[in-house]
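S.K.: This is the structure I have questions about; it appears just below.
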Amino acid sequence: MRNIKNNEIYMVRMLLLVVVCIGLLPIQMRAQKNSYIIPGEVWKDTDGNPINAHGGGLLYHDGTYYWYGEYKKGKTILPDWATWECYRTDVTGVGCYSSKDLLNWKFEGIVLPAVKEDPNHDLHPSKVLERPKVIYNKKTGKFVMWAHVESADYSKACAGVAVSDFPNGLFTYLGSFRPNNAMSRDQTVFVDDDGRAYQFYSSENNETMYISLLTDDYLKPSGRFTRNFIKESREAPAVFKHKGKYYMLSSGCTGWDPNVAEIAVADSIMGTWKTIGNPCTGPDADKTFYAQSTYVQPVIGKKNAYIAMFDRWKKKDLEDSRYVWLPVLIKDGAITIPWHEKWDLTVFDKQKKSDKQKK
Ligand code: GAL
Numbered sequence: 113m114r115n116i117k118n119n120e121i122y123m124v125r126m127l128l129l130v131v132v133c134i135g136l137l138p139i140q141m142r143a144q145k146n147s148y149i150i151p152g153e154v155w156k157d158t159d160g161n162p163i164n165a166h167g168g169g170l171l172y173h174d175g176t177y178y179w180y181g182e183y184k185k186g187k188t189i190l191p192d193w194a195t196w197e198c199y200r201t202d203v204t205g206v207g208c209y210s211s212k213d214l215l216n217w218k219f220e221g222i223v224l225p226a227v228k229e230d231p232n233h234d235l236h237p238s239k240v241l242e243r244p245k246v247i248y249n250k251k252t253g254k255f256v257m258w259a260h261v262e263s264a265d266y267s268k269a270c271a272g273v274a275v276s277d278f279p280n281g282l283f284t285y286l287g288s289f290r291p292n293n294a295m296s297r298d299q300t301v302f303v304d305d306d307g308r309a310y311q312f313y314s315s316e317n318n319e320t321m322y323i324s325l326l327t328d329d330y331l332k333p334s335g336r337f338t339r340n341f342i343k344e345s346r347e348a349p350a351v352f353k354h355k356g357k358y359y360m361l362s363s364g365c366t367g368w369d370p371n372v373a374e375i376a377v378a379d380s381i382m383g384t385w386k387t388i389g390n391p392c393t394g395p396d397a398d399k400t401f402y403a404q405s406t407y408v409q410p411v412i413g414k415k416n417a418y419i420a421m422f423d424r425w426k427k428k429d430l431e432d433s434r435y436v437w438l439p440v441l442i443k444d445g446a447i448t449i450p451w452h453e454k455w456d457l458t459v460f461d462k463q464k465k466s467d468k469q470k471k
């Protein structure tokens with residue numbers, strides 16, 4: 113009897129010790145490792161906090177992926193004067209995360225912070241800062257960020273540029289302008305194999321997509337641009353290159369609400385572009401899985417492997433908007449983005465195997 117009691121006490125003591133030890137572990141060691149991409153779930157960073165990088169894009173540099181996005185913190189606001197659903201949060205800045213495996217993301221901080229002191233500054237919390245993308249300029253050694261810079265009523269329609277010596281900041285804000293004297297809202301930047309960089313932006317009141325060659329330092333428009341998808345109202349451009357052809361994934365123009373995606377192809381980046389159709393397949397493919405494109409990232413070290421990144425906006429609680437990342441499948445020249453509940457990078461290897469077996 114006594115022995116049993118002693119055993120029990122021992123067990124309780126051991127249990128307590130384990131609990132205390134776990135409590136003493138640094139948060140980072142306690143945080144779970146992610147093994148899958150689960151579209152629409154809350155994605156945690158390596159500290160265990162929800163990843164906050166909306167409307168974002170990736171940059172691969174020296175063996176590391178960097179994920180930049182809108183750091184949407186706090187209450188979602190719909191101003192009294194709003195005549196349309198211009199929901200927004202206060203500007204906090206652009207957040208940055210880093211990862212080696214595209215699954216586990218370390219928070220690097222706010223790399224372009226809001227400017228609280230000056231109510232007229234583009235980055236004042238009362239303004240709008242969206243769709244930041246960062247590219248690396250090999251000639252200057254600088255990291256260059258382009259973003260959509262807005263007034264609270266979305267009438268400013270400008271591009272903002274910031275620069276840094278490091279991928280994880282801080283970035284120095286250089287200012288905003290209307291590139292080629294044209295409105296610039298949803299936007300992305302793309303670096304071609306020859307080192308030339310281009311800004312794609314929804315212009316002319318979101319009706320026409322401009323493609324603008326940047327200067328060699330990537331800081332300004334060069335003056336050479338083309339008007340594409342004229343009066344087709346394409347937004348949320350995401351560009352990639354595959355076997356010498358250029359592809360642009362985009363959404364229609366329905367604010368925070370989802371619509372049908374489209375992919376287009378071109379032999380030359382400045383056009384002419386030809387629309388192929390909706391690449392999404394599976395449940396809710398006609399609503400882009402209730403999400404909107406933001407970027408397409410090649411998986412480095414794998415052939416024909418691209419990840420399409422989308423935002424599933426929660427317009428009344430923008431901070432809690434989710435990420436939908438899906439593999440882009442390229443088969444016999446046809447491009448699809450099939451729905452997956454849960455996946456990892458081995459989907460690309462399986463794809464390769466099944467292609468080989470068919471041959
Ligand atoms: C969307 C756009 C978002 C945001 C939103 C505001 O069309 O893609 O980035 O600007 O409108 O309503």
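Using this note's numbering, the first residue of the sequence shown is number 113, and each one after it goes up by one.
For each residue, glycine too, the CB sits at the ideal point set by N, CA and C.
All values derive from a computational prediction rather than experimental measurement.
Quick one: grab the DSSP three-state call for Y402.
M.R.: Three-state result, Y402: helix.
S.K.: Which residue's Cα is closest to the Cα of A259: K268, V273 and D265?
M.R.: Measuring from the Cα of A259, the nearest candidate turns out to be V273.
S.K.: Considering only the beta carbon of each residue, do A446 and T406 sit closer than 8 Å?
M.R.: No, these two residues do not count as a Cβ contact at 8 Å.
S.K.: Please determine if the segment 409-420 and the segment 379-387 are in contact, where contact requires at least 3 C-beta pairs separated by less than 8 Å.
M.R.: Touching, no, given that fewer than three Cβ pairs across the two stretches are closer than 8 Å.
S.K.: Would you call N146 buried or exposed, if buried means 16 or more other Cβ atoms sit within 10 Å of its Cβ?
M.R.: By the 10 Å Cβ count, N146 comes out buried.
S.K.: According to DSSP, is E182 helix, strand or coil?
M.R.: Strand at E182.
S.K.: In terms of residues, what are the limits of the beta strand (DSSP E) holding P450?
M.R.: Per DSSP, P450 belongs to the beta strand (DSSP E) from A446 to P450.
S.K.: Let me know the secondary structure DSSP gives T387 once reduced to three states.
M.R.: Of the three classes helix, strand and coil, the one that applies to T387 here is strand, per DSSP.
S.K.: Would DSSP call T201 helix, strand or coil?
M.R.: DSSP places T201 in coil when its eight states are reduced to three.
S.K.: Considering Cα atoms alone, identify which of L286, Y330, P333 and T300 is closest to F312.
M.R.: Ranking the options by Cα distance to F312, first place goes to T300.
S.K.: Is any non-hydrogen atom of the ligand GAL found closer than 7 Å to the C-beta of A348, if you look at the structure I gave you?
M.R.: A348 Cβ: within cutoff of the ligand GAL.
S.K.: Residues in its own chain within less than 7 Å of M113 by CB, not counting five upstream and five downstream?
M.R.: Reliability fails at M113, whose pLDDT of 49 lies under 50, so the model's placement of it is uncertain and no value is given.
S.K.: Express the C-alpha separation of G356 and I323 in angstroms, rounding to a whole number.
M.R.: Going from the Cα of I323 to the Cα of G356 covers about 18 Å.
S.K.: Short check: CB of V203 to CB of K239, under 8 Å?
M.R.: The answer is yes: Cβ separation under 8 Å.
S.K.: Using 10 angstroms around the beta-carbon of T327, count the other beta-carbons present and answer buried if the total reaches 16, otherwise exposed.
M.R.: Under this definition T327 is an exposed residue.
S.K.: State the DSSP-derived secondary structure class of A420, mapped to helix, strand or coil.
M.R.: Note: A420 maps to strand in three-state DSSP.
S.K.: State buried or exposed for E197, treating a residue as buried only when at least 16 other CB atoms are found within 10 Å of its CB.
M.R.: So E197 counts as exposed.
S.K.: Under three-state DSSP, which class holds P291?
M.R.: Three-state DSSP puts P291 in a helix.
S.K.: On the criterion of 16 or more Cβ atoms from any shown chain inside 10 Å, does F401 qualify as buried, or is it exposed?
M.R.: So F401 ends up on the buried side.
S.K.: Tell whether a beta-carbon distance below 8 Å holds between K353 and Y199.
M.R.: Taking 8 Å as the Cβ cut-off, K353 and Y199 do not qualify as a contacting pair.
S.K.: Since V351 and F302 are thought to touch, with beta carbons under 8 Å apart, how far apart are those beta carbons, to the nearest angstrom?
M.R.: V351 to F302, Cβ: 4 Å. Contact.
S.K.: DSSP three-state call for T458: helix, strand or coil?
M.R.: Of the three classes helix, strand and coil, the one that applies to T458 here is helix, per DSSP.
S.K.: Does the contact criterion of 3 or more C-beta pairs under 8 Å hold for the segment 185-197 versus the segment 165-173?
M.R.: Touching, no.
S.K.: Could you tell me the boundaries of the beta strand (DSSP E) in which S363 lies?
M.R.: Note, S363: beta strand (DSSP E), K357 to S363.
S.K.: Shorter than 7 Å, the distance from the beta carbon of Q404 to the closest heavy atom of the ligand GAL, or not?
M.R.: Yes, since a heavy atom of the ligand GAL falls inside the 7 Å radius drawn around the Cβ of Q404.
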